[in-house]
Structure formats: structure tokens, C-alpha cells
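*Asks:*
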DNA sequence: TTGTAGGCGTTATCAC
DNA sequence: GTGATAACGCCTACAA
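Residue numbers (the numbering used here), protein chains in the order written: chain A, 3 to 344; chain B, 3 to 344.
1) Pull up the CB-CB distance for residue 94 of chain B and residue 53 of chain A, whole angstroms please, since I reckon it's below 8 Å.
2) May I ask you to list, following chain order, the residues of the segment 41-66 of chain B that have a beta carbon less than 8 Å from some beta carbon of chain A?
3) Among A/189, A/326 and A/340, whose alpha-carbon lies nearest the alpha-carbon of residue 222 of chain A?
4) Measure the CB-CB distance between residue 241 of chain B and residue 80 of chain B and report whether it falls below 8 Å.
5) Can you check whether the C-beta of residue 166 of chain A is within less than 8 Å of a C-beta belonging to chain B?
6) Is it true that the segment 262-274 of chain B meets the segment 241-254 of chain B, where meeting means three or more beta-carbon pairs spaced less than 8 Å apart?
7) Any idea which residues DSSP pairs residue 98 of chain B with across the strands?
8) In terms of residues, what are the limits of the alpha helix (DSSP H) holding residue 143 of chain A?
9) Taking the alpha carbon of residue 75 of chain B as the point to measure from, which residue in B/264, B/13 and B/255 has its own alpha carbon closest?
10) From the DSSP output, in three-state form, read off residue 122 of chain A for me.
11) Using the DSSP secondary-structure output, state which residues sit across from residue 197 of chain B in a beta bridge.
12) Could you tell me the boundaries of the alpha helix (DSSP H) in which residue 14 of chain A lies?
13) How would you call residue 73 of chain B, buried or exposed, if buried means at least 16 neighbouring beta carbons within 10 angstroms?
14) Sorted by chain position, which residues of the same chain lie with C-beta nearer than 7 Å to residue 173 of chain B's C-beta, five sequence neighbours on each side aside?
15) Taking the continuous alpha helix (DSSP H) assigned at residue 91 of chain A, which residues delimit it?
16) Please classify residue 90 of chain A as buried or exposed, where buried requires at least 16 neighbouring CB atoms within 10 angstroms.
17) Hey, is residue 318 of chain B's beta-carbon within less than 8 Å of any beta-carbon in chain A?
18) On a CA-only basis, which of A/301, A/315 and A/300 is nearest residue 307 of chain A? Give me that one, please.
19) How is residue 35 of chain A classed by DSSP in three states: helix, strand or coil?
20) Which partner residues does residue 71 of chain B have in the DSSP bridge list?
21) With DSSP run on the structure shown, which of helix, strand or coil describes residue 169 of chain A?
22) Does the count of Cβ pairs from the segment 3-21 of chain B and the segment 30-49 of chain B closer than 8 Å reach three?
23) For residue 154 of chain B, name the three-state secondary structure that DSSP assigns.
24) Between the beta-carbon of residue 185 of chain A and the beta-carbon of residue 299 of chain A, is there less than 8 Å?
25) Give the range of the beta strand (DSSP E) segment to which residue 30 of chain B is assigned.
26) Taking its Cβ as the centre, do 16 or more other Cβ atoms sit within 10 Å of residue 167 of chain A, making it buried, or is it exposed?
27) Which of the three DSSP states, helix, strand or coil, is assigned to residue 343 of chain A?
28) Within the continuous beta strand (DSSP E) that includes residue 279 of chain B, where are the two ends?
29) Could you check which residue in A/88, A/216 and A/232 has the C-alpha nearest to that of residue 201 of chain A?
30) The beta strand (DSSP E) that contains residue 224 of chain B, what's its start and end?
31) Taking just the CA atoms, how far does residue 317 of chain A sit from residue 311 of chain A?
32) Of all the residues that make up the segment 181-194 of chain A, which are near chain B by a beta-carbon distance shorter than 8 Å?
33) Between residue 115 of chain A and the rest of its own chain, which residues show a CB-CB distance below 7 Å, the 5 nearest in sequence each way excluded?
34) Tell me, which residues are paired with residue 302 of chain B by DSSP?
35) Spatial neighbours of residue 113 of chain A within its chain, please: C-beta separation below 7 Å, excluding the five flanking residues on both sides.
36) Report, in whole angstroms, the separation of the C-beta atoms of residue 11 of chain B and residue 50 of chain B, which I expect to be a contact under 8 Å.
Okay, here's the thing in C-alpha cells:
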């Protein structure tokens with residue numbers, strides 16, 4: 003009645019422990035007849051391996067690294083916090099997690115940092131950087147060393163990664179489009195679209211997604227060309243002021259990426275801007291406050307805790323060559339209002 | 003450099019393994035002087051117990067039961083599926099999970115079923131039933147046997163549970179209210195509120211939450227008295243037809259509980275009902291289809307996978323007397339549109 | 001190709 | 001009070 007162990011299998015199959023082990027782990031040749039008997043016994047008794055006991059015996063510890071953009075960024079900060087927490091929580095689970103900050107804006111710097119990774123003592127890397135040919139090559143090199151690589155938050159579609167952990171930004175943009183359309187149900191007007199930089203593929207995909215839904219389902223709304231403000235408060239302020247006069251029918255602002263603080267500041271400065279629908283991405287200290295104060299109507303977010311834990315689970319599954327429960331690893335596109343802010 | 007073990011502690015403290023164990027687990031009296039030395043060594047070497055090795059040695063298996071409403075119910079079905087999946091996934095983690103279906107409508111039947119639980123071979127129970135005095139007493143009895151009890155999905159505020167795993171239905175109602183208000187941004191009119199039964203405290207709390215937000219933030223909207231249709235398609239159809247004539251300013255339908263299929267059918271039958279905002283709770287086959295078809299504008303949901311895994315983690319933590327990471331166990335109130343439907 | 005013996009980090013059972 | 005010693009379920013030499 004108790005869970006069967008390798009001993010039970012061995013007895014049931016009339017062979018020794020090591021033979022059972024060999025067929026279970028495909029280590030060496032076993033006479034077909036014996037292999038069959040073992041498999042039959044496994045089947046009959048419903049044996050499932052105790053992975054913890056196995057890891058204990060193997061003295062295995064998983065070593066994972068998160069490669070994250072450095073520098074001040076509210077969203078990345080929430081990720082760093084989540085990684086730390088997860089690392090702490092998993093320490094007793096035989097996994098060590100470290101953070102490697104990189105200058106995400108400089109492809110060469112990224113590669114240089116990636117090359118400092120100790121490929122011998124490493125099991126997996128979760129990488130959150132923009133994809134460039136250099137990065138792609140560096141990743142190929144890491145994978146050749148037998149290390150598992152997951153694209154984290156930003157997909158790396160042209161690189162050979164084991165997995166992508168993050169949301170589909172096209173769908174996130176569609177979600178934004180749908181919210182804009184539903185929030186402006188019977189209204190006509192234009193939508194200001196801002197982001198810090200369209201270099202990030204995230205913003206591009208969100209823009210496409212939003213455009214698709216707005217133009218198809220809500221043609222009475224018009225999304226204006228994307229305004230980029232390269233970390234320049236002055237620029238966005240002026241642009242916003244200009245947009246207001248240029249588009250008296252402005253009904254909404256859609257902030258696709260980082261720079262929400264600047265955007266909100268600018269909105270506040272233009273005191274005549276009232277009753278605009280404001281939608282932003284990512285739950286940070288800034289957007290959280292924006293929701294609470296009623297300055298932001300909705301935030302489209304991904305749960306960073308899930309993001310990190312999913313990356314960890316996926317890397318472990320890859321290491322153990324076990325299957326992933328896709329449903330659990332699907333990162334949700336969340337919609338947050340003040341009322342369901344947690 | 004490697005993780006210190008009890009052996010290291012013993013050597014460092016100049017005592018035996020057993021003494022270390024006694025100090026670590028407070029089993030028997032140890033001479034204060036030795037206890038101090040052990041504690042100091044633990045501190046110095048940064049020892050943390052390997053819980054998996056411990057569980058292995060203890061031969062511990064966790065036995066958990068989910069007590070769930072039986073009978074046809076789309077939402078419960080999704081939970082059952084999630085429990086099965088989680089049970090399968092955790093089988094190798096030394097946890098056995100079983101499902102006990104109960105006739106949730108009959109307090110005496112619930113108690114009768116609960117009494118069939120084998121309190122000797124059980125570690126924890128997750129209970130999803132309406133709270134009644136009988137249920138409360140039965141739970142007290144289970145807890146007295148040293149078994150951990152978590153209220154699951156529906157809170158049991160007057161019972162002595164270890165924890166509640168689920169969303170705050172008042173907040174869920176507030177979220178619905180906010181969505182209604184934002185979807186009907188500049189409109190005036192009334193909102194039809196339906197549910198299968200207001201006996202469930204979930205519906206009551208959602209109603210309160212919705213009312214609060216609507217009356218405070220969107221006074222131009224008026225939420226009509228709750229209509230209950232006890233699994234009676236005919237009733238809701240007639241009621242809806244009646245409501246339409248009685249309230250020509252009807253702008254939205256808010257379905258607070260189960261019975262979404264019936265509600266949608268009725269909406270379809272009243273073909274003259276067009277352009278109503280429809281908000282429902284819980285992601286099931288029905289609401290999923292409703293979203294896809296554009297019949298439902300938004301669904302307010304709780305992720306059943308998280309619900310189940312959280313309950314499991316909490317019960318384990320209670321068994322091991324370890325701390326819970328509150329942030330991880332917080333169940334989100336999710337807002338699902340067609341675009342972020344997964 | 002197969003089996004035996006020992007160890008992984010912890011707990012449990014004995015004697016001392 | 002204390003300390004050997006043998007489990008727990010699995011893996012890995014090494015020997016046969």
C-alpha cells in the first residue's frame with residue numbers, strides 16, 4: 003500500500019537494485035528480458051521516483067543565474083526583488099540563484115558579461131536583454147556548453163533558447179486596445195501613444211497588438227503615431243502639451259513601456275488635461291501610486307513573482323529532463339485597477 | 003564552502019550528531035553549555051536544515067483532502083481538474099491529495115461526510131462549503147484532532163481555520179463595480195444584477211462591493227435589486243424580459259455567481275437586447291465561450307491553479323510549522339477580456 | 001551484463 | 001544527558 007521503492011521493484015522483478023537503476027536511468031545495457039521485467043514491475047506497482055531522495059544521493063545543487071538590465075528602472079527593480087525572494091525561498095530546495103546585472107543598452111557589454119559566466123558550475127541562465135546578433139551568438143555558445151537558457155520577459159526569437167518565460171506582448175497590446183475601446187465605449191477621438199523607446203521589441207509588439215484591435219473593433223478611435231521620449235522629462239512634457247493643442251479630440255493616453263513617472267508628471271503639469279483615460283504597463287511603485295490616485299485607469303501587468311518562479315521551474319525541469327506543465331508556466335496578462343490592486 | 007551539515011555542526015561544537023539533533027529539534031534536555039555550543043556552531047557555519055533529507059528520514063508523506071461541492075457546476079469542475087493535476091504533479095513530492103465530494107446544499111450531509119474522514123491518516127483538509135453552525139462544529143472537531151484546515155474559495159470566518167485561500171469577494175465586487183463604471187464612462191442608466199442564489203455569502207459580498215463603488219464613484223448608474231433564479235432557466239428568461247421593459251435605460255448586466263449559461267441564453271433569446279455591457283465571474287467553459295463570442299465583456303476570475311497550489315503550500319507549511327510567504331499566497335482577482343483569455 | 005556495499009543529510013532507536 | 005548506529009530512497013563506485 004505504501005509507495006513502492008526501487009527495492010520493491012527489484013524484488014518484484016527478481017533482479018538487483020542496480021539493474022533497476024540502470025533501466026530506470028538508461029545507464030548501461032541490460033539484458034532485454036530483465037529490462038522488460040523491471041518495466042513490468044514499475045508498471046504493476048505504480049512506481050514513481052522520489053526526486054528529492056535522488057537529488058540527495060546525487061548531491062545535486064542547481065545553480066541558476068538571472069541576467070538582468072542594470073541601472074534605475076522601476077520594473078526591473080521589482081524583478082530583482084522577486085528573484086531575491088525566490089532565491090531565498092528555494093535555498094533549501096537545493097537551488098542557488100544569482101543575479102548578474104548587465105548594461106542592456108550595449109550589446110558588446112552584454113556579451114562581455116556573459117563571457118564571465120562560469121560555464122562549469124552553472125546549470126541554467128535566464129536572460130532579459132534585447133536581442134542582437136552578438137547576444138544571439140553568445141547564447142549559442144552558452145548552450146553549447148550544455149547550459150539551459152531561457153529568454154526572460156523579452157523573447158529572443160532568433161536565439162536558440164530552451165524556453166521563453168514571459169507574456170506575449172502582442173496580446174498585451176491587444177488587451178490595451180480592448181480596454182481603450184471599452185473604456186471609450188461610445189466616444190470618438192484620438193489616443194496618444196507614448197513609450198520611452200521603440201527600440202525595445204516589447205513596445206513594437208504592443209503597438210501592433212493595440213493597433214489591430216482599435217482599428218478593427220473600434221474604428222471611431224484613432225491611435226496617434228508613437229511618441230518616444232528618451233528618458234527626457236522635458237521632451238515628453240512639451241510633446242504632451244503640443245499633442246493637446248494639436249488634437250483637441252484627445253481621449254486617452256496609452257503608455258506602452260517604461261517612463262510612466264515622466265508621463266504622469268507631464269499629465270499633472272498640463273492641468274487642463276482632464277478626464278483622459280490612461281492605460282500603462284507594468285506594476286511598479288509609480289503605476290501603483292497612479293492607480294491609487296486615480297491618475298491611471300488600468301495597468302496591464304505580468305506578475306513578477308510568477309515570472310521568476312516559472313523561470314526557475316522551467317530551468318529545473320530542463321536540467322532534470324522532466325516535462326513542464328505548460329498550463330502552470332503560462333504567464334497571465336493581468337489587468338489591474340485600483341480595486342484589484344494587491 | 004559547501005553547505006554545512008549536521009556532521010559539520012557536531013564536529014564544530016565538539017558533540018555528537020544526536021546532541022545536535024536534540025538541540026535542533028528540541029527533543030530532550032541537553033546541558034545548557036552544549037546547547038549553546040551547538041547554537042553557536044549553527045550560527046557560525048550558517049547551517050540550514052535540508053528539509054527533503056529530513057522528510058526522507060522521517061518517511062513523511064502528507065495526506066491532504068479537498069472537500070468540494072458535488073453536482074454539476076462549471077466552476078467546481080475547473081477546480082476538480084486543477085486538484086487532480088496538482089495531485090499528480092505533487093505525487094513525487096511526498097504528498098497525496100484526494101477529493102471528497104459533498105452535497106454542499108445540505109449542512110447535515112456535509113457534516114456526515116466530514117465525519118467519515120480518517121483523522122489518523124490525515125494531515126490537512128481544504129474545505130469549500132457554505133458555513134453553517136453544524137459545519138463550524140465539525141471543523142472544530144477536525145482541528146482538535148490536530149489536522150490543519152483551510153477554508154477554500156469560500157471563507158469560513160466564524161470557524162477556526164488555519165488559513166483562508168481565496169479572493170476577497172468584496173474586492174471582487176468592487177472590481178466589477180469599477181469595470182461597470184469605466185465601461186459606461188459617460189452614460190446614465192441601470193444595471194441588472196443577477197445570481198443563482200444570494201444564500202452564498204460570496205454573492206452577498208460581491209454585491210456589497212459593487213454597490214459601494216457604483217454609488218460612490220458612478221452615481222449616474224443605478225444597480226437594480228438582485229434577481230435570484232434558482233437554477234431555473236424559465237425564471238431568468240422571464241425576469242430578464244420583464245426587466246427590459248421595466249427599465250428601458252438598462253445598460254449592463256452583472257452576473258455575480260453561477261448560472262452564467264442560463265443568463266447568456268436568456269440574453270440571446272431577448273434578441274432586442276443589444277449593446278449591453280455584460281460582466282460575469284469565474285472562468286469556465288461557458289464564460290470562456292461568452293468572451294470569445296463577444297457576449298461577455300469581462301470576466302472577473304480567480305486562477306484555480308493558483309488556488310489549489312496555494313492551498314497545498316499552506317497546508318504543507320502548517321504541517322511543517324514553517325512560515326508562509328504571504329505575497330505568494332495572495333490570490334489575485336483577475337480581469338479577463340477576450341484579448342487576454344488564455 | 002549483473003550485484004554488493006557505501007554514502008547523501010537527516011531522524012530514530014538504542015545502549016551507555 | 002549523551003553518543004553510536006541504523007535506517008529513509010536513491011545513486012555510484014567497484015567487484016564479480
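Where a beta carbon is used, it is the ideal one built from N, C-alpha and C, also for glycine.
This structure is a prediction, so every number in the text was calculated from the model and none was measured.
*Replies:* This is what the structure holds:
1) 5 Å
2) 50, 51, 52, 53, 54, 55, 57, 58 and 63
3) A/189
4) no
5) no
6) yes
7) B/65
8) 135-146
9) B/264
10) coil
11) B/230
12) 8-15
13) exposed
14) 211 and 335
15) 76-92
16) exposed
17) no
18) A/315
19) helix
20) B/104
21) coil
22) yes
23) strand
24) yes
25) Counting along the chain, residue 30 of chain B falls outside any beta strand (DSSP E), and DSSP gives it neither H nor E.
26) buried
27) coil
28) 279-283
29) A/232
30) 223-225
31) 10 Å
32) 181, 184, 185, 186, 187, 188 and 189
33) 102 and 104
34) B/283 and B/337
35) 136, 137 and 140
36) So it is not a contact: roughly 11 Å between Cβ atoms.
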